[in-house]
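Undergrad:
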Amino acid sequence: MAILSKDEAQALLKKVLSYSTADECAVSLNGRTTGNIRYARNSVSTAGSQNSVSLAVESRFGKRSGVATCNEFDDATLKRCVQRAEEIAKLAPESPEYVPLLGPQTYVSPPSAATTLLTAATRAQAAADSMALCAAKNLTAAGFLDGGTRFQALRNSKGLEAYQQSTNTDFSVTVRTADGRGSGYAIADVTDPAKLNAKALTQRAADKALGSVNAKAIEPGKYTVILEPAALMDGGDLSLLGGLMYGLDARSADEGRSFMTKKGGGNRKGEKLFDERVNIYSDPMNAEVPGSAFDGDGLPTKRLSWIEKGVVKQLYYSRFWAEKNKVAATAFPSGFIMTGGTQSTAELIKGTAKGILVTRLWYIREVDPQTLLYTGLTRDGTFYIENGAIKFPIKNLRFNESPIIMLNNIEAIGRPQRLAGCLVPPLKIRDFTFTSLSDAI
Amino acid sequence: MKRRDFVGLTGLAAGALFLPSLPGFGHTPVDPARLLEPGADVIVKKRLADAALNAAKAAGADYADVRIGRSLNQYVFTREKQVQNIVSTESYGVGIRVLVAGCWGFASTSVVTEANLAATAREAVSIAKANRLVMKEPVQLAPQTGYGEVSWKTPIQQSAFEVPIKQKVDLLLTANAAALDAGANYINSALFQVNEQKYFASTDGSYIDQDIHRLWPTFSATAVDTKSGKFRSRESLSAPVGLGFEYLTPSAAEQVRGPQGTDTIGYKLRYDMLADAALAGKQAKAKLTMKSVTPGKYDLVLDPGHLGLTIHESVGHPTELDRVLGYEANFAGTSFATLEWKAKNLPYGSKAVNIVADKLQPGSVGNVGYDDEGVKTREWDLIKEGKLVNYQKIRDQAHIVGQKESDGCAYAQSWEDVQFQRMPNVSLRPGTAKMSPDEMVKGVDKGIYIAGAGSFSIDQQRFNFQFGGQLFFAIEKGKITEPLEDVAYQSNTQEFWGACQGSCDQSDYRLFGTFFDGKGQPSQVSSVSHGSATTRFNGVNVINTARKV
Numbered sequence: 001m002a003i004l005s006k007d008e009a010q011a012l013l014k015k016v017l018s019y020s021t022a023d024e025c026a027v028s029l030n031g032r033t034t035g036n037i038r039y040a041r042n043s044v045s046t047a048g049s050q051n052s053v054s055l056a057v058e059s060r061f062g063k064r065s066g067v068a069t070c071n072e073f074d075d076a077t078l079k080r081c082v083q084r085a086e087e088i089a090k091l092a093p094e095s096p097e098y099v100p101l102l103g104p105q106t107y108v109s110p111p112s113a114a115t116t117l118l119t120a121a122t123r124a125q126a127a128a129d130s131m132a133l134c135a136a137k138n139l140t141a142a143g144f145l146d147g148g149t150r151f152q153a154l155r156n157s158k159g160l161e162a163y164q165q166s167t168n169t170d171f172s173v174t175v176r177t178a179d180g181r182g183s184g185y186a187i188a189d190v191t192d193p194a195k196l197n198a199k200a201l202t203q204r205a206a207d208k209a210l211g212s213v214n215a216k217a218i219e220p221g222k223y224t225v226i227l228e229p230a231a232l233m234d235g236g237d238l239s240l241l242g243g244l245m246y247g248l249d250a251r252s253a254d255e256g257r258s259f260m261t262k263k264g265g266g267n268r269k270g271e272k273l274f275d276e277r278v279n280i281y282s283d284p285m286n287a288e289v290p291g292s293a294f295d296g297d298g299l300p301t302k303r304l305s306w307i308e309k310g311v312v313k314q315l316y317y318s319r320f321w322a323e324k325n326k327v328a329a330t331a332f333p334s335g336f337i338m339t340g341g342t343q344s345t346a347e348l349i350k351g352t353a354k355g356i357l358v359t360r361l362w363y364i365r366e367v368d369p370q371t372l373l374y375t376g377l378t379r380d381g382t383f384y385i386e387n388g389a390i391k392f393p394i395k396n397l398r399f400n401e402s403p404i405i406m407l408n409n410i411e412a413i414g415r416p417q418r419l420a421g422c423l424v425p426p427l428k429i430r431d432f433t434f435t436s437l438s439d440a441i
Numbered sequence: 001m002k003r004r005d006f007v008g009l010t011g012l013a014a015g016a017l018f019l020p021s022l023p024g025f026g027h028t029p030v031d032p033a034r035l036l037e038p039g040a041d042v043i044v045k046k047r048l049a050d051a052a053l054n055a056a057k058a059a060g061a062d063y064a065d066v067r068i069g070r071s072l073n074q075y076v077f078t079r080e081k082q083v084q085n086i087v088s089t090e091s092y093g094v095g096i097r098v099l100v101a102g103c104w105g106f107a108s109t110s111v112v113t114e115a116n117l118a119a120t121a122r123e124a125v126s127i128a129k130a131n132r133l134v135m136k137e138p139v140q141l142a143p144q145t146g147y148g149e150v151s152w153k154t155p156i157q158q159s160a161f162e163v164p165i166k167q168k169v170d171l172l173l174t175a176n177a178a179a180l181d182a183g184a185n186y187i188n189s190a191l192f193q194v195n196e197q198k199y200f201a202s203t204d205g206s207y208i209d210q211d212i213h214r215l216w217p218t219f220s221a222t223a224v225d226t227k228s229g230k231f232r233s234r235e236s237l238s239a240p241v242g243l244g245f246e247y248l249t250p251s252a253a254e255q256v257r258g259p260q261g262t263d264t265i266g267y268k269l270r271y272d273m274l275a276d277a278a279l280a281g282k283q284a285k286a287k288l289t290m291k292s293v294t295p296g297k298y299d300l301v302l303d304p305g306h307l308g309l310t311i312h313e314s315v316g317h318p319t320e321l322d323r324v325l326g327y328e329a330n331f332a333g334t335s336f337a338t339l340e341w342k343a344k345n346l347p348y349g350s351k352a353v354n355i356v357a358d359k360l361q362p363g364s365v366g367n368v369g370y371d372d373e374g375v376k377t378r379e380w381d382l383i384k385e386g387k388l389v390n391y392q393k394i395r396d397q398a399h400i401v402g403q404k405e406s407d408g409c410a411y412a413q414s415w416e417d418v419q420f421q422r423m424p425n426v427s428l429r430p431g432t433a434k435m436s437p438d439e440m441v442k443g444v445d446k447g448i449y450i451a452g453a454g455s456f457s458i459d460q461q462r463f464n465f466q467f468g469g470q471l472f473f474a475i476e477k478g479k480i481t482e483p484l485e486d487v488a489y490q491s492n493t494q495e496f497w498g499a500c501q502g503s504c505d506q507s508d509y510r511l512f513g514t515f516f517d518g519k520g521q522p523s524q525v526s527s528v529s530h531g532s533a534t535t536r537f538n539g540v541n542v543i544n545t546a547r548k549v
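Just so you know, the sequences run in chain order A and B. For the first sequence, position 250 (counting from the first letter as 1) is numbered 250 according to full-length UniProt numbering, and the numbering increases by one without interruption. For the second sequence, position 494 (counting from the first letter as 1) is numbered 494 according to full-length UniProt numbering, and the numbering increases by one without interruption.
1. If I follow the unbroken beta strand (DSSP E) through T377 (chain B), where does it start and stop?
2. Determine, for G24 (chain B), whether the minimum Cβ-Cβ distance to residues of chain A falls below 7 Å.
3. Can you tell me where the beta strand (DSSP E) with G62 (chain A) in it begins and where it stops?
4. Within 10 angstroms of the Cβ of D170 (chain B), are there 16 or more other Cβ atoms? Answer buried if so, exposed if not.
5. What is the DSSP secondary structure of R275 (chain A), counted as helix, strand or coil?
6. Use the C-beta contact count for P437 (chain B): other C-beta atoms within 10 angstroms, 16 or more gives buried, fewer gives exposed.
7. Note the first and the last residue of the continuous alpha helix (DSSP H) segment covering N387 (chain A).
8. CA-CA distance, K302 (chain A) and S282 (chain A)?
9. For the segment 468–488 of chain B, which residues have a beta carbon sitting closer than 9 Å to at least one beta carbon of chain A?
10. Starting from S43 (chain A), follow its DSSP beta bridges and name the residues at the other end.
11. Can you give me, in chain order, the residues of the segment 329–360 of chain B that have a beta carbon less than 8 Å from any beta carbon in chain D?
12. Evaluate the contact criterion for the segment 422–434 of chain A versus the segment 332–343 of chain A: three or more CB pairs, one atom per stretch, below 8 Å.
13. With H, G and I counted as helix, E and B as strand and the rest as coil, what does DSSP make of E90 (chain B)?
14. Return no unless some Cβ of chain A is closer than 7 Å to the Cβ of D417 (chain B).
15. Let me confirm a value: L388 (chain B) is counted as buried when at least 16 other C-beta atoms fall within 10 Å, else exposed. Which label applies?
16. Suppose you measure from the CA of M260 (chain A) to the CA of A221 (chain B); what does that come to, to the nearest Å?
17. Pick from B:A49, B:K268, B:S335: whose alpha carbon is nearest that of G316 (chain B)?
18. Counting Cβ pairs, one atom from each stretch, are 3 or more of them under 8 Å apart for the segment 273–285 of chain B and the segment 170–183 of chain B?
19. Can you check whether the C-beta of R430 (chain A) is within less than 7 Å of a C-beta belonging to chain B?
20. Does the beta-carbon of G264 (chain A) have 16 or more other beta-carbons within 10 angstroms, so that it is buried, or is it exposed?
21. Are G468 (chain B) and G454 (chain B) close, meaning C-beta to C-beta below 7 Å?
22. Please list, in chain order, the chain A residues whose beta carbon lies closer than 8 Å to that of N131 (chain B).
23. Restricting to Cα atoms, I'd like to know which of A:V57, A:T77, A:A250 is closest to W321 (chain A).
24. Using a C-beta cutoff of 7 Å, does G447 (chain B) count as contacting chain A?
25. Can you check DSSP and say which residues form a bridge with W216 (chain B)?
26. Tell me, please, which residues DSSP counts as bridged to D299 (chain B).
27. Helix, strand or coil: which one does DSSP assign to A488 (chain B)?
28. What in chain B is Cβ-close to S172 (chain A), meaning under 7 Å?
29. Less than 7 Å separating the beta-carbons of R214 (chain B) and G242 (chain B)?
30. Run through chain A and tell me which residues come within less than 7 Å of V83 (chain B), C-beta to C-beta.
31. Report buried or exposed for K350 (chain A), applying the criterion of at least 16 other Cβ atoms within 10 angstroms of its Cβ.
32. I need the straight-line Cα distance from L299 (chain A) to S157 (chain A), nearest angstrom please.
33. Check whether the Cβ of T375 (chain A) lies closer than 7 Å to any Cβ atom in chain B.
34. Would you say N367 (chain B) lies against chain A (beta-carbon separation less than 7 Å)?
35. Anything in chain B within Cβ reach of R379 (chain A), meaning under 9 Å, just list it in chain order.
36. With which residues is T177 (chain A) paired in a DSSP beta bridge?
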């Protein structure tokens, strides 16, 4: 039941809509079949699987709206679910931000999902290989492998129909030396699990763990840094690039409470805020990071240029805010693509006289939304670079920096890599601000 | 934006974009009236649990526990003059955990029948048997005597679910109006309501029925200066509580005035949302023109509504035994307070630092009668006169530190998640000598008084941290002189607690807390409170966070 085909999903949604007595009704199905394994101290700690489908019904009477959901699909349950949404709608206050449901839309077809997925056995094998590699070197591995197939289907009383299936597998591993004096990290996400090499990623984390033993303290201050993609984007938490891109919201800017707010009123769309080498767009059709064809409202996604030659070209407009401002609404993308050059991280290191290589940043939190100042720390592999080579590991550092300043201080942009459903290049940045040392390993 | 380690108001202030992903509320939305219907009778629950326990034993389990969970949530979100979202959710199902020859197995189901629970128990046993292939150290479970049939309920006066939605909406919209009238341009407010109905049964002979209630009213008020493009926010000084709707009935006896000259009010077990919102509107506007701090070393006087978050990050997390042992190395991190470090008997802080863990404090969100593996909750010391004396541990961890009992701090965010060690309330004991915040300020020559929690960040072993706040006031020669902005302090856990000079007395003691403390992969959230009285720390490094972009 967990993954329905397009025909199965739409037939079910059509039946649900037939029970509606509301002015407008939108229904959606979300389902997943996923599995995970977690290990630590070179031993499996938990393993599990999830199979679920849920139906959501939104009923509207005029400007009043109600939502109900269920996860059983017999006719009686489906009818009850529709009735409940209608009852809640009748009790709800009128929404001053009401916009009518969308009619039929045309969608792109992002590159197809993988057909062969990991099983409990292949997940266990990947974890076992990762742990064996570490145990043989007297290292300790802690990792998490999670993935599977998901689908989403939408339909509404105005004739909108949408369906998409996707696959995704995430893997991350932290390797520590037995004495706890070195730590390394590697992470990857893929559409097709055949492209995931947990062993190679574990090897990379192991190399960083061994290389980070005997870290030296350096004075905090402004340094040239090479930020690997994992230091720029994080699928599960705030990140320097993610925080910037997810903050490009027109409404908060227009309301005067965003870094995109313009002095005197309005927003800074169209202004050059970054180095002219900064280009960031979204594209559901990208072969390496296929995206969602539609957002939760059923609005079609398409290629959108967000930052072009350092100029902010696009802000996120909800359907309500778009209508109020008489502009096109934005389907929020499932990921971003930052363009870059051809240099690998290793080549960026070769071209660096003095600097710091940062594997990963951690516990990033906003300090000042006005300037998008963030704080956080380096983690799991921080190295000093001199004359084009890594000289020695250094102790972790706390930074206080804004991605707006960071993207004005670009020295070089490397070759983009997939991370958290985005394409992110390693960046070489000058004058990156570190404010204190940490003893954490 | 999937994980929120410790969500403050940032999630709300971000607007509606990410609201559906707020953790802990991902259950099935239902009609609000459903939330008042009683759950299954204990006789029925006992029969269901026995079906699972018997099947597990028959299939070869040495130990089994069953958690029948019904989780009810309702949240109301508003902004300015309108309601953004009202969602009522329900989740019902059963999680079964078994121990077979030293290996854990877990399975869960939403189909709650005797036959299916027996089948799910057998599935858990088969998973445990499969996991034996990769087992390195067999699980050792601390012994636990069964309690028989017992029950526990959060001592509430009025269930928030019984209050009509209109009354809750009116309260939030009135608070919004108070903030807007007082100078705010925008306000987002919310009311989170949680009811966990939990039935736990184990092969030890416990049948525990619990009815747990929690509530959290909160807001963020923002003032903007269109001309300069500047904006500032002031968040609510409420706390999430283990109380009913009575928390929202103001009481003068439950309020504590901040030091003279600060115009701040702290709240104990009753909250005045309208007064706090009005003050927030005024203060958000005032923040637009406050003096920016001069960086340097200051003596800090920290209000409990601020200090709770620092306690959470620098004492709560490093004393979790699973982090200490390395189980969270790939996600939340490890801890500086290793078993080897503890054996050295080094100071964690000054002699004034006495930190206690508990799941008993009335009004705290950690307060329950029994934990999620059937252990009666208790109180125990973590830090005594500056020395680390114990960790937070559950049944399969006690033997690792040579102890015979669990601390009763196992928790699962729902029936479908497996229980593991979670942070109990971790609180700083108040001072034993009589002292008010005013008297504490009198002794400070050059300092800053901080109220309310702000930005927060700490490294993965819990050494280096940086905290902001909501309201900052300069202290000069024993007096509050003026409000400040752009303040954050950076320190190191041992250095910071080593600089602790002492706390005000019990009459100033208050709770801070959250619903959204995250740990584990896949991540689970849990609720935790942190109590303290106003406390002084000498010579802390303060930075200025203003930038030009």
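Think of the CB as a built atom: it goes at the ideal place given N, C-alpha and C, for glycine as much as any other residue. For clarity, every value in this text was computed on a predicted model and none was experimentally measured.
TA: On the basis of the data shown:
1. No beta strand (DSSP E) holds T377 (chain B); DSSP gives it neither H nor E.
2. Confidence in G24 (chain B) is poor, its pLDDT being 32 and thus under 50, which makes the residue's placement too unreliable to answer from.
3. Unbroken run through G62 (chain A): none, as it is neither H nor E.
4. exposed
5. Per the sequence shown, residue 275 (chain A) should be read as Asp rather than Arg. The answer is coil: DSSP assigns D275 (chain A) none of H, G, I, E or B.
6. buried
7. That residue, N387 (chain A), is in no alpha helix (DSSP H); it is neither H nor E in DSSP.
8. 8 Å
9. G468, D486, A488
10. A:A40
11. Checking the listed chains, one finds no chain D in this structure; the protein chains it contains are A and B.
12. yes
13. strand
14. no
15. buried
16. 19 Å
17. B:S335
18. yes
19. no
20. exposed
21. yes
22. V44, A47
23. A:A250
24. no
25. B:F192
26. B:G447
27. strand
28. N330
29. yes
30. P93
31. exposed
32. 15 Å
33. yes
34. no
35. G333, D459, Q460
36. A:L139
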